[in-house]
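To convert, count from 1 in the sequence shown and add 70; that's the numbering used here.
Below is one structure; the comments refer to it alone.
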Amino acid sequence: MNEKIKEKLELLKENPRKHLEAHPLYGKLKGLWSCWFGANIRMVYKLDDVNKLIIISAVGSHNLYR
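Right under this line is the structure:
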């Protein structure tokens, strides 16, 4: 795995609501979060606070919100 990706995943693991410009999504994606992974790459994920999990739903360009 690319070292930059590993670093970003570690940051997200530390605080999935703060790092990498993380923000909650709205509308049909309500309940999911998004963060910036570089250039035009976004990651959409769900947080399971009870089990302390980050569940990745999608990774891609801004088009993944459509």
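Think of the CB as a built atom: it goes at the ideal place given N, C-alpha and C, for glycine as much as any other residue.
Express the C-alpha separation of residue j and residue i in angstroms, rounding to a whole number.
i, j, result
"residue 124", "residue 77", "15 Å"
"residue 100", "residue 107", "20 Å"
"residue 97", "residue 121", "25 Å"
"residue 127", "residue 102", "9 Å"
"residue 104", "residue 84", "15 Å"
"residue 114", "residue 74", "18 Å"
"residue 136", "residue 117", "21 Å"
Could you please give the first and the last residue of the uninterrupted alpha helix (DSSP H) stretch that includes residue i?
i, result
"residue 82", "73-84"
Looking at the secondary structure, which residues open and close the beta strand (DSSP E) in which residue i lies?
i, result
"residue 87", "Counting along the chain, residue 87 falls outside any beta strand (DSSP E), and DSSP gives it neither H nor E."
"residue 120", "Here residue 120 belongs to no beta strand (DSSP E), and DSSP marks it neither H nor E."
"residue 108", "103-108"
Is the beta carbon of residue j closer than 8 Å to that of residue i?
i, j, result
"residue 89", "residue 82", "yes"
"residue 112", "residue 79", "no"
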